[in-house]
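Novice: Residue numbering for the sequence shown follows this note's numbering, beginning at 90 and increasing consecutively.
Beta carbons: idealized from backbone N, C-alpha and C, even for Gly.
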Amino acid sequence: MPVTTERHGDVLVVIADNPPVNALSAPVRKGLTAAIEEAAGDGSVRAVVIACAGRTFFAGADITEFGKPPIEPMLPEVVDRIEASDKPVVAAIHGTALGGGCEVAIASHYRIAVPSAKLGTPEVKLGLLPGAGGTQRLPRLAGVAVALEMVAKGDPISAAKAKQAGIVDRLAGEDSLLADAIAFAREVADVRPIPRASERPLSPDPEAIAAFEKTNARRFRGFEAPAANIACVVKATETPYAEGVEFERQQFMKLMFGVQSAAQRHIFFAERKASKIDGIADDVKLRPIDRVGIIGAGTMGGGIAMNFLSAGVPVTIVEMQQDALDRGTATIRKNYDATAAKGRMKPEQVDQAMGLLTPTLDLNALADVDLVIEAVYEEMSVKQDIFARLDAICKPGAILASNTSYLDVNVIAQATKRPEDVLGLHFFSPANVMKLLEIVRGDATADDVLATAMALAKKIRKVAVIAGVCHGFIGNRMLEPRQVEALKLLLEGATPEQVDRVHVEFGMPMGPFQMADLAGVDIGWHRDPNRIENLRDALAAEGRWGQKKQAGFYDYDAKRTPSNSPRVAEIIEDFRKKTNTPQHEVTDQEIIERTLYTLVNEGAKILAEGKAQRASDIDVVWIYGYGWPVYRGGPMFWADTEGLKKIVEGLERHGFEVSPLLREKAEQGGRFSA
Ligand code: 3HC
90 MPVTTERHGD VLVVIADNPP VNALSAPVRK GLTAAIEEAA GDGSVRAVVI ACAGRTFFAG
150 ADITEFGKPP IEPMLPEVVD RIEASDKPVV AAIHGTALGG GCEVAIASHY RIAVPSAKLG
210 TPEVKLGLLP GAGGTQRLPR LAGVAVALEM VAKGDPISAA KAKQAGIVDR LAGEDSLLAD
270 AIAFAREVAD VRPIPRASER PLSPDPEAIA AFEKTNARRF RGFEAPAANI ACVVKATETP
330 YAEGVEFERQ QFMKLMFGVQ SAAQRHIFFA ERKASKIDGI ADDVKLRPID RVGIIGAGTM
390 GGGIAMNFLS AGVPVTIVEM QQDALDRGTA TIRKNYDATA AKGRMKPEQV DQAMGLLTPT
450 LDLNALADVD LVIEAVYEEM SVKQDIFARL DAICKPGAIL ASNTSYLDVN VIAQATKRPE
510 DVLGLHFFSP ANVMKLLEIV RGDATADDVL ATAMALAKKI RKVAVIAGVC HGFIGNRMLE
570 PRQVEALKLL LEGATPEQVD RVHVEFGMPM GPFQMADLAG VDIGWHRDPN RIENLRDALA
630 AEGRWGQKKQ AGFYDYDAKR TPSNSPRVAE IIEDFRKKTN TPQHEVTDQE IIERTLYTLV
690 NEGAKILAEG KAQRASDIDV VWIYGYGWPV YRGGPMFWAD TEGLKKIVEG LERHGFEVSP
750 LLREKAEQGG RFSA
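What follows is the structure in structure tokens.
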């Protein structure tokens, strides 16, 4: 039984125990209803406490039930039954009271929480809204401004903040929640009228709503759920509770059966699945990582170092020249100072993090570290030399990782006598910000090395995905056909603005040419500056290296505001003539087909080759590494919604070689996502 009751004198304590996070699945909802009925039917019960066993108060509705036939009793009925109780109900909150859990709490008459607890309505992150009266009760308890922040953004708030906002009535002792809740219940047992959130008055606040919408317009671009959440709060301010709830229900159902919520729920589970490594037992013994070494103090090395410093892991960072080392160290401090200036870090935390950093010019200083991450120039001979030296220097059992973006990790591993300890850890730039980490599994990489890397990723708050060895691994390998096609499209008649606009309208943060200008048009070109094989080389050869030169695929002013470049149009025209490329009118749809269908096609090849464990891992890579819009669920999920047959037809129309796996799925009416 996931819900049990116990008597503490005249208080009925209801305890839910549904590991791991006390999701409000059907048996829990049934148990809660039964418990409230039990209290109602027992004259000796004067008040009720609802609490949860395990690590948290209810963390929400059971997401695995979504999209399936509903099971009675539904959550809105359960919370209404709780609120209707004629005996006061106290919610005793620890861990995270999220979504439906928060709604159970605010339908209860009183709330007591431990200081470490958090409350929130993250439904918007699943493309939903709090559908059990949350959008109507929350503004009545906390006011319009706080409610909007909570429902439309979905970030949880601390117990202290919730108390300040009027959501929580009292803070309990960290270790005495149940006793404090029972005492609270006795105190309020005879208070009448019983305070019910749904009965509280609420005034319209159009200014708060307008200000909120304006501030967050950019953040909400493309998403359906934030607007629906806002609309529900607006409704709460304009209509009686019952009408508001009706409106909330309609909006909830609309979102629930829409593509965006399906996509966002897919990503919720995809992210969790990504941490599971096929063929490796859950209980494999991990190697301790108490000290990390990083080779290279450039942008990448410095950013990687910050991840560990922020997580409290000491880092030794090695450079070849003192000035490069000093520059790297100064950049790390500057980045931390900037974070502190924004109020996201305390000055003493900056000092603490910097105190864990040991800069050195001596590779031998890595003799005692548990993990080395090499982040130097992308050149195989350089990497092999470093790994051979690390092999001689590092203690047995140390994990040796390369941050290479493209190179063969197996070849790098062969430079050592311990290839089982070698793997790729591919961070994305800026490495202290981007959430994605590709963990590249070499042929010889030991199971415990992979499992340790996965656990470490969690510690430094990355979302990690296992990738096999191939050129560009998962993300960059799929990026390549997109880049190639984008350049060809320019020669055939599209403009950089058109190609970028199509990608931005699709939901990407920027298009391929905006990205090239930001990252550097000259990347990879310096190795052979005489080479002009494509349009990108032609721009690089003219010094149009991107934003840093105020000239790339666009022209930039001193504030880096882009404008269309007549010179680029000339270069395109020259190159087109030189290559004899015929022009035609390029439609937006053609751009989608040639840049995004090809990307999906490459994803299917990666999957067929076993270079990704599952299609959802590919989606995770694109969401967290390349800004693919989460409401489209990643490229493989999007392919399913677009229709695999349509994608195959599009690829064939443009003469691409279609992945056999993609073709097979299309022919059999299959899907990439479950
Ligand atoms: N339903 C079903 N399963 C859930 C779940 C939920 N609401 N929340 C978490 N889980 C599962 C996870 O899938 C995971 O399963 P796995 O072990 O098989 O992979 C397991 O519980 C543990 O989850 P995490 O690995 O995420 O554990 P953490 O300790 O890192 O995080 C958490 C805990 C903060 C609760 C996090 O799981 C979370 O954010 N959960 C989702 C919360 C949420 O979105 N709630 C709203 C649901 S929608 C709703 O309530 C609608 C209502 O308004 C009508």
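1) Taking 6 Å as the cut-off, does the CB of Leu208 come closer than this to any heavy atom belonging to ligand 1?
2) Taking buried to mean at least 16 other C-beta atoms within 10 Å of its own C-beta, is Gly699 buried or exposed?
3) Quick one: using the 10 Å Cβ neighbour count with 16 as the cut-off for buried, is Gln349 buried or exposed?
4) Quick check on the DSSP output: the alpha helix (DSSP H) that includes Gly189 runs from which residue to which?
5) Decide if Gln339 is buried, meaning its Cβ has at least 16 other Cβ atoms within 10 Å, or exposed.
6) Using a Cβ-Cβ cut-off of 8 Å (strictly less than) and excluding sequence neighbours within five positions of Pro601, which residues of its own chain qualify?
7) Compare the beta carbon distance of Val381 and Phe397 with 7 Å and say whether it is the shorter of the two.
8) Roughly how many angstroms separate the alpha carbons of His515 and Pro211, rounded to a whole number?
9) Shortest alpha-carbon distance to Val610 belongs to which of Arg625, Pro219, Ala394?
10) What does Ser30 pair with, by DSSP beta-bridge criteria?
11) Residues bridged to Ser652 by DSSP?
12) Using beta-carbon positions only, say whether Val117 and Pro91 come within less than 7 Å of one another.
13) Do three or more CB pairs link the stretch 191-201 to the stretch 165-175 at distances below 8 Å?
14) Excluding the 5 residues preceding and the 5 following Leu496 in the sequence, name in chain order all residues of the same chain whose CB lies nearer than 8 Å to its CB.
15) Mind pulling the alpha helix (DSSP H) runs of 4 or more residues that sit fully within the stretch 712-749?
16) Measure the C-alpha to C-alpha separation of Gly98 and Ala254 and round it to an integer number of angstroms.
17) Report yes or no: do the stretch 688-698 and the stretch 553-571 share at least 3 C-beta pairs separated by less than 8 Å?
18) What number of angstroms, rounded off, separates the C-alpha of Arg550 from the C-alpha of Arg281?
19) Enumerate in chain order the residues of its own chain whose CB-to-CB distance from Val102 is below 6 Å, with the five nearest sequence positions on each side excluded.
20) Does the beta-carbon of Asp451 have 16 or more other beta-carbons within 10 angstroms, so that it is buried, or is it exposed?
21) What does a CB cutoff of less than 6 Å around Pro508 pick up in its chain, not counting 5 residues either side in sequence?
22) Would you identify the three-state DSSP class for Glu313, choosing helix, strand or coil?
23) What span of residues does the alpha helix (DSSP H) with Tyr686 cover, start to end?
24) Let me check understanding here. Comparing Cα to Cα, which of Thr668, Val100, Thr93, Ala627 lies closest to Ala270?
25) Given a threshold of 16 other Cβ atoms within 10 Å of its Cβ, counted over all protein chains shown, does Arg361 qualify as buried or as exposed?
26) Should Ile160 be labelled buried (16 or more other beta-carbon atoms within 10 Å of its own) or exposed?
27) Do you know offhand how far Leu164's Cα is from Gly189's?
28) Using CA coordinates, which residue listed in Leu267, Leu227, Val277, Val233 is at the minimum distance from Ile256?
29) In chain order, which beta strand (DSSP E) runs of at least 3 residues are fully inside the stretch 491-561?
30) Can you tell which of Glu659, Val710, Ala608, Ala142 has its C-alpha closest to the C-alpha of Thr388?
31) Is Val675 near Gly582, with beta carbons less than 7 Å apart?
Specialist: On the basis of the coordinates in this document:
1) Within the sequence shown, the letter at position 119 stands for residue 208. Taking the Cβ of Leu208 as the reference point, every heavy atom of ligand 1 lies at 6 Å or farther away.
2) Counting from one through the sequence shown, the residue named residue 699 turns up at place 610. With fewer than 16 Cβ atoms within 10 Å of its Cβ, Gly699 is classed as exposed.
3) As a working mapping, residue 349 is identified with position 260 in the sequence shown. Its Cβ being crowded by 16 or more others within 10 Å, Gln349 is buried.
4) For this step, residue 189 is matched to residue 100 along the sequence shown. 189-196 is the extent of the alpha helix (DSSP H) around Gly189.
5) Reading the sequence shown from its first residue, position 250 is the one you call residue 339. So Gln339 counts as exposed.
6) For the purposes of this step, residue 601 is taken as the residue at position 512 of the sequence shown. Same-chain partners within the cutoff: Arg571, Gln572, Ala575, Val588, Asp589, His592, Thr684.
7) In the sequence shown, residue 381 corresponds to position 292, counting from 1. In the sequence shown, residue 397 corresponds to position 308, counting from 1. Yes, Cβ-Cβ distance for Val381 and Phe397 is below 7 Å.
8) As a working mapping, residue 515 is identified with position 426 in the sequence shown. As a working mapping, residue 211 is identified with position 122 in the sequence shown. C-alpha separation (whole angstroms): 30 Å.
9) Mapped onto the sequence shown, residue 610 falls at position 521. Here the closest residue by C-alpha is Arg625.
10) This structure leaves residue 30 out entirely; the chain is present only between 90 and 763.
11) Taking the first residue of the sequence shown as position 1, residue 652 is located at position 563. DSSP output for Ser652 lists Asp644 as bridge partner(s).
12) The residue you call residue 117 lines up with position 28 of the sequence shown. The residue you call residue 91 lines up with position 2 of the sequence shown. The Cβ atoms of Val117 and Pro91 sit closer than 7 Å to each other.
13) Touching, per the Cβ criterion.
14) Indexing the sequence shown from 1 puts residue 496 at position 407. Contacts found: Glu467, Met469, Lys472.
15) 724-731, 733-742
16) On the sequence shown, position 9 is the one that residue 98 refers to. On the sequence shown, position 165 is the one that residue 254 refers to. The alpha-carbon atoms of Gly98 and Ala254 are separated by roughly 32 Å.
17) yes
18) Mapped onto the sequence shown, residue 550 falls at position 461. Mapped onto the sequence shown, residue 281 falls at position 192. A direct Cα-to-Cα measurement between Arg550 and Arg281 gives close to 47 Å.
19) Here residue 102 is taken as the residue at index 13 of the sequence shown, counted from 1. Glu95, Val138.
20) For the purposes of this step, residue 451 is taken as residue 362 along the sequence shown, with counting starting at 1. Counting Cβ neighbours within 10 Å, Asp451 comes out exposed, since fewer than 16 surround it.
21) Numbered from 1 along the sequence shown, position 419 holds the residue referred to as residue 508. Result list for Pro508: Ala502, Ala533, in chain order.
22) Taking the first residue of the sequence shown as position 1, residue 313 is located at position 224. In this structure, Glu313 counts as coil in the three-state DSSP scheme.
23) Here residue 686 refers to the residue found at position 597 of the sequence shown. Here Tyr686 belongs to no alpha helix (DSSP H), and DSSP marks it neither H nor E.
24) For the purposes of this step, residue 270 is taken as residue 181 along the sequence shown, with counting starting at 1. Ranking Thr668, Val100, Thr93, Ala627 by Cα distance to Ala270 puts Val100 first.
25) Sequence index remark: in the sequence shown, residue 361 carries index 272 (1-based). Here Arg361 is exposed, its C-beta having fewer than 16 other C-beta atoms within 10 Å.
26) Here residue 160 refers to the residue found at position 71 when the sequence shown is read from its first residue. Burial call: exposed.
27) One-based indexing of the sequence shown puts residue 164 at position 75. One-based indexing of the sequence shown puts residue 189 at position 100. Their backbone Cα atoms lie some 7 Å apart in a straight line.
28) Here the question's residue 256 lines up with position 167 in the sequence shown. Ile256 has its Cα closest to that of Leu227, out of Leu267, Leu227, Val277, Val233.
29) Entirely contained in the stretch 491-561, the beta strand (DSSP E) runs reaching 3 residues are, in chain order, 511-516, 525-530, 552-557.
30) To locate residue 388, count along the sequence shown from 1; it is residue 299. Nearest option by C-alpha distance: Ala608.
31) Mapped onto the sequence shown, residue 675 falls at position 586. Mapped onto the sequence shown, residue 582 falls at position 493. A contact, by the Cβ cut-off of 7 Å.
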